[in-house]
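Asker: Line by line, the protein sequences give chains A and B.
Take the position in the first sequence, starting the count at 1, then add 6; the result is the number in the numbering used here.
Take the position in the second sequence, starting the count at 1, then add 29; the result is the number in the numbering used here.
Note that beta-carbon positions come from the ideal geometry of N, C-alpha and C, so glycine has one too.
None of the values given here were measured: they were computed from a predicted structure.
Have a look at this one.
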Amino acid sequence: MRSARNASLVLLFAVGFDLLCALVGGFSLAAPASALTPAGLAVRLALFYALFALRFRALAGPGQAVSGAHLLLVALLMPTLQQFQFAGGRTGGDGLGYYVFVRSLWKDGDLHFANEYEHYGYQDRADMMAPTRTGHRRSVFSIGPAVLWTPFFGIGEGIGRLHRRLGAEVDLSGYGAVHVNACSLGSLLYGFLLVLLIHDLARRHFAPGLALLAALATWGGTFLHWYMVQHPLMAHALSGCAAGFVVWLWDRQRAQPSAWGHARLGLALGLAMTTRWQSGLLLLLPGLDLLARLWRERAAALPSVLRHGAALGALVAIGAFPQMAAWKTLFDEWLLTHPPHGIGWVRLWRPYLLETLWSSRHGLFAWTPVFLPAFLGLWPLVRRRFALGAPLVPIVLFTTWVNSGAGDWWAGGAYSLRRFDPLLLPLALGLAAFFERAQEWVRRRPEVVAALLLVPVAAWSLLLSPGDSRLPPHFPQLARVAWLRMADAVGSPQTWPASWLFAWRTGRPPGAYDLAVGRYLFFRQGNLGGRIELGGARDDGGLLAEGFGPPVHEDGAEARTVRTRARAFAPLDLPETLTVRVRLRGPASVALAVNGHDLGVVAVAAGWTEASWRADARLWRKDLNDVVLETRSGPVLVDYFQFQQEPRP
Amino acid sequence: MSVALVALGLVALGAAQRERWRAALLPLLLWFAGTPLSELGPGRFAVAFALAAVATAVPRLAGTPAAVAGLSAGVALGAPMLREMELARLAVGLFAVPDGALFRSPLLWVALAGAFVAPRARAATGAGALALALAAALPDAARSPLLGAALGLLFAGFAAATAALAAALRRRPARALGAVLGALTLWNVLSMESYRRWLVPRDDTVAFADFAFHNAAILRSWVGAPSAWPANVLFGARHGLVAARWDRLATAHALEPWPGLGHEIALAGPGFEVDGLLDGDWGARVPCPPESCRNLNGEALVYFQLRQPTRLALGFEARGPGAVDVALDGFALGRLETGEALARHVLRPPFPLRAGLRRLTLRPQGDAKPRVSKVFFLEER
């Protein structure tokens, strides 16, 4: 038995190393000159998994076998690796911003990013190329990912050198595939580690089945998988793992607090903070514990609380030191007083809470609905496991508040709201608590739940039945038709209740919420440039309420007809004085009103002309504004609404 | 009409169910929403409810002289239809997109499952399934009186299946959570794929109806439309095509009115009407006044179905100098010269075309890339 164990372990390592070469270098030790095929990788993954199951399940000693849940999670990792290799992404988006740290540190031995920026084609980005006070180039990214990637960067270097020895031409500059793949693989594995941490922590407090469900839901139902496989060079899988490790460690050591335990926790916290700065909120966890102990035991606890607090603080500082050193190097400051993005980047006093959670522009619940039960589950979590849940609630709430106050609350080109990554583990616990509560409800009302489970099936039929005899023989089109009918009637389910609130405020169908909320005339990147187009390639039809005809092509313009009265939405971040210019074709007399305030009547000629009105800041409000165009003498064609800001001093 | 009838039906069912009517209320509402009950005329609707009430309230009816007599009468009435029933028409009647009974009302699957989970519902569900099959195999299933009878009888199976589901959930509540979690995960996986393919905007608002469209398209490309299982999968396997093609091809019968193809296929028509019919090297839509066309870039295929063996002339309308080889199911029919002007070109196969799926192949000669606006069918008498 022992020799079988040893033999299977040796084989496991051998296949594992070959797999590593395949994933990082794209070659196999068996045939280093040939490119790896999907079938070849699939065979290696299957073999690796079989050996893993053999060694750690079938041949494991008494009490040492891995659980069925772990076996399942590792099994799911195998197709993930296959997808990572052949359908996954690598660089892109903010990923390069993080990657330049690790490349510059280990290849150049500095934090001068000028060469990296030039290599990646950022020469024209003044915001990145302009030298800082210390003569370095700016970076708005954290250094933590580089710290976490360092072992993988080293593995990439080693495998690259090995492949070169075997006769291949390998780019070892740090820009090549081998290093990028290795760091990307690192992110994937950190993401998987987070799934294991979730499972382990949830199993401490919940039934095994619920723990597994929570882990699987976090992996498959949220943005985690995306950032493990498609954008692994962004910080989110790493940050989720680092923050999750802090929570896991905190829960593990709190029953028997020690200076050593607080030191470990402090180091993990510091590292998490360097990966995503807002993870600093996790300091609340040990902080609240220390305060609670002091409150309970008064003076008797003072010495140990001071000792533990000092250990915690010292190791947080050490863990966070790489970031402080990076800021000192780049900006000549140990601690930045505001984010490097700029002073107004985070506006805590003006949060976009509803949009952050429900907007179709990456709203957390709208894009990843599994987070809604996770949030709801915090309530039963606190009620039933106060010691675990209560300290997590302020962290979830503060993080949500901070994210909704971020400059671009929608997180740019993101898959769902990626900035919630530090909350993946706390919310998984919320999910487990929700499942636990839901199970009881299912037991009490199984008939109702059975009916509820069948509602979507019945809805499919209900939504496709009425009327239309020319429904297309095309499943995707039918899905769209069904969804549109549902959205018109009750809104898209994942936008509830925000879309209902929108419908109540604007008098529009709740389905109109999807396209109307989350865009701005002037605010941040990807704004409308002050213009609402009424047709053409960029048709902003989502911002039109009622009264506009369908787009038509007239005299070289894509326009819409207004016969009497039409309403559009002007989405603003700030109320400010604006000139509204509307390109029209009459002849007609046209009046404009903003939020019910008349701005006057303008006579419009027969040809295309631009009519303009000036609206004082007092007439506007934050978010959606009603702009009503009324024609007093016949229909007009409208090409666009152009909103113009007053010159700022 | 519907509200009054539903109320009437509820009262009838409640009376028949006595103390169990409350348990039947939710299934009944679902059944009303999720099947074409509301589309039946008042008479058939009443029959459906009466049958539902009898079938669910008196499960021991099976095996009694009354049931045997009823079944015998049903078989006697249905026997001629059974003889006429064609498998292909049955598959279309049950699974066609969008009008197949099971495609449009997947709750019927749940009802059919009732026969397996509840012995007492077996007789009624079996009779309902038979009535449904007979109705589906008829040319105009929606108007068949059999459909009302089927929906009435199948309700017994549906009520039994929902009761069994509720009992299973009481024992293993995690299954309900697993189902919801599975659905959310599937949605997320499909959304990631839509996002990866840049089908939805990356930094802008998005209509979730568009998300649903793209997610459904991806799901269909992977495994076919779930509500058309297993017909689409079997169809794909039989003809060597992806299951997604079932959506359009199932009802793409030449010479028949919509959703049949009528006498011609406008190749540059709306995507959902023609994309499933075309394969091979068709180009994008291009104008060729007064029509719209597609470039014939290389060997390109057009699929169509025939209900029965038919003597048919085939042709296409094209412009652009060149020559096009035409074949049907791999059998060369001939070569047609195309000219500068948009004109019709016809070939007459020397044999009647077989029923079923047919494959027309057009292959341009040399570097010519004629623009083709239509493929048409002329019935030869």
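State the Cα-Cα distance for the pair F405 of chain B and H374 of chain B, rounded to the nearest angstrom.
Answerer: Cα to Cα, the separation comes out at about 9 angstroms.
Asker: What's the call for D130 of chain A, buried or exposed, on a 16-neighbour Cβ count within 10 Å?
Answerer: exposed
Asker: Quick test of the definition: if touching needs 3 or more C-beta pairs under 8 angstroms, does the stretch 545-558 of chain A touch the stretch 265-281 of chain B?
Answerer: no
Asker: With DSSP as the reference, identify every bridge partner of H169 of chain A, one or two as the case may be.
Answerer: Partner(s): none; H169 of chain A has no beta bridge.
Asker: Taking just the CA atoms, how far does A28 of chain A sit from A52 of chain A?
Answerer: 14 angstroms
Asker: Compile a chain-ordered list of the residues in the stretch 165-177 of chain A whose CB is closer than 7 angstroms to at least one CB of chain B.
Answerer: none
Asker: For the stretch 230-245 of chain A, enumerate the residues whose C-beta is nearer than 9 angstroms to any C-beta of chain B, in chain order.
Answerer: H231, W232, V235 and Q236
Asker: Counting contacts by CB-CB distance shorter than 8 angstroms, is Y646 of chain A in contact with chain B?
Answerer: no
Asker: Show which residues of chain B have a CB atom less than 8 angstroms away from the CB atom of D520 of chain A.
Answerer: T234, V235, A236, F237 and A238
Asker: Go to A248 of chain A, then tell me how far its beta strand (DSSP E) extends in each direction, as first and last residue.
Answerer: That residue, A248 of chain A, is in no beta strand (DSSP E); its alpha helix (DSSP H) goes H242 to Q259.
Asker: Evaluate the contact criterion for the stretch 589-599 of chain A versus the stretch 633-646 of chain A: three or more CB pairs, one atom per stretch, below 8 angstroms.
Answerer: yes
Asker: With H, G and I counted as helix, E and B as strand and the rest as coil, what does DSSP make of M30 of chain B?
Answerer: Low per-residue confidence applies at M30 of chain B: pLDDT is 45, beneath 50, and the placement is therefore not dependable, though the value from the model is reported in the following sentence. DSSP places M30 of chain B in coil when its eight states are reduced to three.
Asker: Spell out the partners DSSP gives P577 of chain A in its beta bridges.
Answerer: A:L630
Asker: Check whether the Cβ atoms of A417 of chain A and H368 of chain A lie closer than 8 angstroms to each other.
Answerer: yes
Asker: In chain order, what residues of the same chain have a beta carbon less than 7 angstroms from the beta carbon of F58 of chain A, not counting five sequence neighbours either side?
Answerer: L18 and V80
Asker: Do R133 of chain B and P127 of chain B have their C-beta atoms within less than 8 angstroms of each other?
Answerer: yes
Asker: For A576 of chain A and Y526 of chain A, I'd like the C-alpha separation in whole angstroms.
Answerer: 8 angstroms
Asker: Report yes if the C-beta distance between V588 of chain A and E616 of chain A is below 8 angstroms; otherwise report no.
Answerer: yes
Asker: Starting from L263 of chain B, trace the beta strand (DSSP E) in both directions and tell me its first and last residue.
Answerer: Note, L263 of chain B: premise wrong, no beta strand (DSSP E); alpha helix (DSSP H) at A260 to H268.
Asker: In the DSSP assignment, find the alpha helix (DSSP H) that holds L25 of chain A and state where it starts and stops.
Answerer: R8 to G31 is the span of the alpha helix (DSSP H), which, as asked, contains L25 of chain A.
Asker: Look up E616 of chain A in the DSSP assignment and give the residues it is bridged to.
Answerer: A:R589
Asker: Which whole runs of the alpha helix (DSSP H) in the stretch 352-439 of chain A are 4 residues long or more, in chain order?
Answerer: Runs of the alpha helix (DSSP H) inside the stretch 352-439 of chain A: 359-364, 370-373, 377-382, 384-390 and 392-410.
Asker: Hey, S285 of chain A and T362 of chain A: beta-carbon distance below 8 angstroms or not?
Answerer: no
Asker: Count the other CB atoms, across all protein chains shown, that sit within 10 Å of the CB of V355 of chain B; report buried if there are 16 or more and exposed otherwise.
Answerer: So V355 of chain B counts as buried.
Asker: Can you tell me the Cα-Cα spacing of T64 of chain B and L123 of chain B, whole angstroms?
Answerer: Distance between the alpha carbons of T64 of chain B and L123 of chain B is about 13 angstroms.
Asker: Taking A504 of chain A and L360 of chain A to be in contact with their CB atoms under 8 angstroms, please state how far apart those CB atoms are, rounded to whole angstroms.
Answerer: 5 angstroms
Asker: Closer than 8 angstroms, CB to CB, is L296 of chain B near chain A or not?
Answerer: L296 of chain B does not count as touching chain A.
Asker: Is the beta carbon of L584 of chain A sitting closer than 8 angstroms to the one on A565 of chain A?
Answerer: Going by C-beta atoms, L584 of chain A is not nearer than 8 angstroms to A565 of chain A.
Asker: Taking any Cβ of chain B, which residues in the stretch 21-35 of chain A have a Cβ under 7 angstroms from it, in chain order?
Answerer: Within the stretch 21-35 of chain A, no residue places its CB atom closer than 7 angstroms to a CB of chain B.
Asker: Give me the Cβ distance between L230 of chain A and G246 of chain A, rounded to the nearest whole Å; I'm assuming they're in contact under 8 angstroms.
Answerer: 6 angstroms
Asker: Would you say R96 of chain A lies against chain B (beta-carbon separation less than 8 angstroms)?
Answerer: no
Asker: Under 8 angstroms, do L370 of chain A and L423 of chain A count as touching if we go by C-beta distance?
Answerer: yes
Asker: Any C-beta of chain B within less than 8 angstroms: which residues of the stretch 366-391 of chain A qualify?
Answerer: Residues passing the 8 angstroms Cβ filter: S366, R367, A372, W373, T374, P375 and V376.
Asker: Exposed or buried, what is Q651 of chain A when buried is set at 16 or more other beta-carbons lying within 10 Å of its beta-carbon?
Answerer: exposed
Asker: Is the CB of W258 of chain B under 8 angstroms away from at least one CB in chain A?
Answerer: no
Asker: Quick check: the stretch 186-202 of chain A against the stretch 39-55 of chain A, are at least 3 beta-carbon pairs closer than 8 angstroms?
Answerer: no
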